[in-house]
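First comes the structure, then the notes that go with it.
Protein chains: 2
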Amino acid sequence: MPREVRERQMLDAAVEVFARRGYRAASMDEIAELAGASKPLVYLYLNSKEELFSACIRREAESLIQEIQAGVEPGDSAERRLWCGLRAFFAHTAEHPDGWAVLSCQARIHGEPFALVVAELRQRIVDLVTRLIAECAQPDGGRKPLSAREVSGLAHALVGAAESLAGWANHRTGAVPSARETAATLMNMAWVGLENLTGGRRWPPAAAV
Amino acid sequence: MPREVRERQMLDAAVEVFARRGYRAASMDEIAELAGASKPLVYLYLNSKEELFSACIRREAESLIQEIQAGVEPGDSAERRLWCGLRAFFAHTAEHPDGWAVLSCQARIHGEPFALVVAELRQRIVDLVTRLIAECAQPDGGRKPLSAREVSGLAHALVGAAESLAGWANHRTGAVPSARETAATLMNMAWVGLENLTGGRRWPPAAAV
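Chains F and C are the protein sequences, given in the same order.
Per UniProt numbering, the first sequence starts with residue 1, numbered consecutively.
Per UniProt numbering, the second sequence starts with residue 1, numbered consecutively.
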């Protein structure tokens, strides 16, 4: 069997075991067994539990980012790009619940070397969203531009909302919401506000609060 | 020195060390030293590193939830309660960055016993927000009620957005946004959408997408 096929099987098994047991409790024995490989071969190919975990994170994050990018047409309106990007995101997290569990929970452990890998990959998603919001917020036709700080805050809020919703959708008991439904929930909450902001209309209407 | 004062000093030190080093790398020696106590006394009072960490989580989470509840007037409009609740939340996370780091990063490690403690406490915040949204979404005067599932999704989205923004505000280099400014960023993004939804107005306007 070619090495790349073997490695893929090992990574598949590792993602499943890491998601189920957590990084610390996961054993290389269980991963090797699930992959149908010997433990020495897993070590030969992927060096150590830590490197195996980092390889899982990189693969799952790349796959997620590629799906989002593939789902978005660069020429579309910001509204449609956000809608399509969110649908791609929620479709991927629903189809790869173990990968998403590894990225969103395991890998955030502060003080571990792989936390940096995940932080960097999360930043790429935040950057995508930041550019999208900044682009709508260009000053034109009397629109008041948003400050870079506000755009950055909005991007982090939107990404955090999407992360939280992905976990919610994957852990619901009973009927699982479709990716389209989950994306619509977030568009419903966030789009009008974003559109208002980029048009210089802010909350609150003066007298409200 | 009374035991409760001693314990408070130990917890203060532990939160600081756990936030800086991560749960695994944190040492009881460092915690005892920072607390100005002997290691045997820390063990006598708080039993084990795991129990000490759980005690930190409970204390920080209770303190956060109490501040949110104290910031909100039960008789106010939903809009104002959300605004005040968010300001209280961001004020607390800004004033207790180590406590927030422990709650939001360290404590999410799947597979560890304390992950359940944090999940339960996060659920209490989600429940607060769920009730707030559900209450606005009561059918009255021709308003179309939101489904329980949609309300639940919206609450998770809002809580995720707030969590992400708290981390963003605490890790910004340069001028730190005030709690008021961070809360306004989230109100700007989310309030109009929530208000529209509770009035039965959904995204997208029919032709948009």
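Cβ atoms here follow ideal geometry from the backbone N, Cα and C, with glycine treated the same way.
Test: residue 240 of chain F CB closer than 8 Å to a CB of chain C: Because chain F spans 1 through 209 in this model, residue 240 of chain F falls outside it and cannot be assessed.
Where C/M28 sits in the DSSP three-state scheme: helix
Through-space distance from F/R149 to C/T173, alpha-carbon basis: 11 Å
Selection of the region 189–200 of chain C by Cβ proximity to chain F, strictly under 7 Å: M189, A190, W191, V192, G193, L194, N196, L197
Any C-beta of chain F under 8 Å from that of C/W168: yes
Straight-line Cα distance separating F/Y23 from C/S104: 18 Å
6 Å CB neighbourhood of C/D12 in its chain, flanking five on each side removed: none
Contact set between C/E150 and chain F, taken where Cβ atoms lie within less than 7 Å: T185
Residues of its chain near C/H156, where Cβ-Cβ distance is below 7 Å and the 5 sequence neighbours each way are ignored: V126
C/M10 versus F/E195: straight-line alpha-carbon distance, rounded: 48 Å
Contact set for F/A19: own chain, Cβ-Cβ below 6 Å, skip 5 residues either direction: D98, A101, V102
Whether C/A190 touches F/G193 by CB criterion (8 Å): yes
C/H92, buried or exposed, once every other Cβ within 10 Å from all chains shown has been counted against 16: buried
Within-8 Å CB hit, C/W203 to chain F: yes
Residue of C/A37, C/F114, C/C84, C/E33 minimising C-alpha distance to C/R59: C/F114
Proximity to F/E163 [Cα-Cα], best of F/Q106, F/N188, F/C136, F/F90: F/F90
DSSP-derived helix/strand/coil call for F/R201: coil
CB contact check: C/P177 to chain F, cutoff 8 Å: yes
Per-residue contacts from residue 223 of chain F into chain C (C-beta, under 9 Å): Outside the displayed span of chain F (1 to 209) sits residue 223 of chain F, for which this structure offers no information.
Partners in chain C for F/L154, counting only beta-carbon separations shorter than 7 Å: T185, M189
Partner residues on chain C for residue 228 of chain F, Cβ-Cβ distance less than 8 Å: Any property of residue 228 of chain F remains undetermined from this structure, which presents chain F solely from 1 to 209.
Minimum Cβ-Cβ distance from F/G160 to chain C less than 8 Å: yes
Element boundaries [alpha helix (DSSP H), containing C/Y45]: 39–46
Buried versus exposed, by CB contacts within 10 Å (16 or more), C/V15: buried
Validate contact between the region 71–88 of chain F and the region 40–56 of chain F using beta carbons, cut 8 Å, 3 pairs: no
Best match in F/A61, F/A166, F/T130 for proximity to F/A119 [C-alpha to C-alpha]: F/A61
Three-way DSSP call (helix, strand, coil) for C/S63 in this model: helix
Member of C/Q123, C/P177, C/T198, C/G160 whose CA lies at the smallest distance from the CA of C/A94: C/P177
Reduced DSSP secondary structure (H/G/I, E/B, other) of F/D127: helix
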